[in-house]
Amino acid sequence: MKFIGYYRVSTVKQGVSGLGLEAQKETVRGYLNSVPRWKMVDEVVEVESGKRNDRPELARALALCRVHRATLIVAKLDRLARNAHFVTGLMESGVDFVVVDCPHFNKLTITILAAVAEAEAKAISERTKVALQAAKARGVRLGGNRGRLSASVSLAGAKASAQMRQGRARVWASDVLPVIRSIQADGARSLRAVAAELNEKGVPSPSSGVWHGNSVRRVLAQTPSM
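Its first residue numbered 11, the sequence shown is counted upward by one per residue in this note's numbering.
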């Protein structure tokens, strides 16, 4: 089982000194020793000032999880569960995760949080419907000739579906691109050499199969400006 470690320290000084960081790593290692055939693919450290809500290293850790089909492992939950960026990031990433000191915080918990938001959205929708019905009862004309829109709506739906697939492909390409750039920086000159190194590292290809030169080319074509 593959893991990406994510650790947080609150100041640059603490990050440099290692205070708190080693304790988190020990906690994670203690958990992993109970997991058969585990592999720590990478470890990411977020140094926070306490004033920033954005967490670029968390985004990088989630991207690594998607690239390697790995599980995110966090030593301590503390304030993260109350941070909108953390919760939203986990919900949108689809990444499996483990919080060592808070085992009840899992995908079910995230689902509950999402369900609360969905319930609120439905309540707003219902209130909107009631308001529209009341307006209609007062003689207010609502909308236009909807019969003429069915074909255009269908076409728009097909376009939206295609755009969604293309968007997912671009996100995946942006996740794996840093790995490809790192391999190139280490001396891989050809697409075939990059593909061979990706296979050696165990990075799944877009089709969950073996990397080839052409599959590397397609990823680079998806991210020309990065």
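By construction, the Cβ of each residue, glycine as well, lies at the ideal position given by its N, Cα and C atoms. Note that the coordinates shown come from a computational prediction; the quantities given were computed from them, not determined experimentally.
Would you say Ala-16 and Val-105 are within 8 Å of each other, going by their C-beta atoms? Taking the first residue of the sequence shown as position 1, residue 16 is located at position 6. Taking the first residue of the sequence shown as position 1, residue 105 is located at position 95. It is worth fixing the name first, because residue 16 is Tyr in this sequence and not Ala. Not a contact, by the Cβ cut-off of 8 Å.
Inter-residue spacing [alpha-carbon to alpha-carbon] between Cys-75 and Phe-13: Stepping through the sequence shown from its first residue, residue 75 is reached at position 65. Stepping through the sequence shown from its first residue, residue 13 is reached at position 3. So the alpha carbons of these two residues sit roughly 7 Å apart.
With a threshold of 16 other CB atoms inside 10 Å of the CB of Val-189, please say whether the residue is buried or exposed. Within the sequence shown, the letter at position 179 stands for residue 189. By the neighbour-count rule (16 or more Cβ atoms within 10 Å), Val-189 is buried.
Host alpha helix (DSSP H) of Thr-81 (start-end): On the sequence shown, residue 81 is found 71 positions in, with the first residue counted as 1. Run containing Thr-81: none in the alpha helix (DSSP H); it sits in the beta strand (DSSP E), 81-84.
Do the stretch 215-227 and the stretch 183-203 touch if we need at least three Cβ pairs shorter than 8 Å? yes
Over what stretch of residues does the beta strand (DSSP E) that includes Val-150 continue unbroken? Numbered from its first residue, the sequence shown carries residue 150 at position 140. First-last for Val-150: undefined, no H or E at that position.
Boundaries (first-last residue) of the alpha helix (DSSP H) holding Arg-199: Along the sequence shown, one-based indexing puts residue 199 at 189. Arg-199 -> no alpha helix (DSSP H), and no H or E assigned at all.
Going by C-alpha distance, which of Leu-142, Lys-211 and Val-45 is nearest Val-186? Locating residue 186 in the sequence shown gives position 176, counting from the first residue. Residue Lys-211 is the option with its Cα nearest to Val-186.
Does the beta carbon of Gly-177 come closer than 8 Å to any beta carbon on chain D? The structure shown contains no chain D, having only a single protein chain.
Assigned secondary structure, Arg-18 (DSSP; H/G/I helix, E/B strand, else coil): Residue 18 sits at position 8 when you count from the first residue of the sequence shown. Correct three-state label for Arg-18: strand.
For a test of the three-state rule: what should DSSP assign to Asp-185, helix, strand or coil? Start at 1 with the first residue of the sequence shown, and residue 185 comes out as number 175. Helix.
Is the beta carbon of Glu-207 sitting closer than 8 Å to the one on Ala-198? Counting from one through the sequence shown, the residue named residue 207 turns up at place 197. Counting from one through the sequence shown, the residue named residue 198 turns up at place 188. The answer is yes: Cβ separation under 8 Å.
Straight-line CA distance for Met-174 to Glu-102? For the purposes of this step, residue 174 is taken as the residue at position 164 of the sequence shown. For the purposes of this step, residue 102 is taken as the residue at position 92 of the sequence shown. Those two C-alpha atoms are separated by around 14 Å.
What is the rounded straight-line gap between the Cα of Leu-159 and the Cα of Arg-65? In the sequence shown, the residue the question calls residue 159 occupies position 149. In the sequence shown, the residue the question calls residue 65 occupies position 55. The predicted model places Leu-159 with a pLDDT of 46, which falls under 50 and marks its position as unreliable, so this point remains unresolved.
Can you have a look at Val-237 and say buried or exposed, based on whether 16 or more other CB atoms are within 10 angstroms of its CB? Residue 237 lies beyond the residue range present for the chain, which begins at 11 and ends at 236; the question has no answer from this structure.
Distance CB(Trp-182)-CB(Pro-214) smaller than 8 Å: The residue labelled residue 182 in the question sits at position 172 within the sequence shown. The residue labelled residue 214 in the question sits at position 204 within the sequence shown. No, the pair does not count as a contact, with Cβ atoms beyond the cut-off.
With DSSP collapsed to three states, give me the class of Glu-58. Your numbering for residue 58 matches position 48 in the sequence shown. Residue state, collapsed to three classes: coil.
At which residues does the alpha helix (DSSP H) containing Val-226 begin and terminate? If you number the sequence shown from 1, residue 226 lands on position 216. Counting along the chain, the alpha helix (DSSP H) containing Val-226 begins and ends at 223-232.
Which residue marks the beginning of the beta strand (DSSP E) containing Val-109, and which one marks its end? Counting from one through the sequence shown, the residue named residue 109 turns up at place 99. Element bounds for Val-109: 107-109.
Would you kindly check if the distance between the Cβ of Glu-67 and the Cβ of Val-77 is under 8 Å? Within the sequence shown, numbered from 1, the residue matching residue 77 stands at position 67. Within the sequence shown, numbered from 1, the residue matching residue 67 stands at position 57. Taking 8 Å as the Cβ cut-off, Val-77 and Glu-67 do not qualify as a contacting pair.
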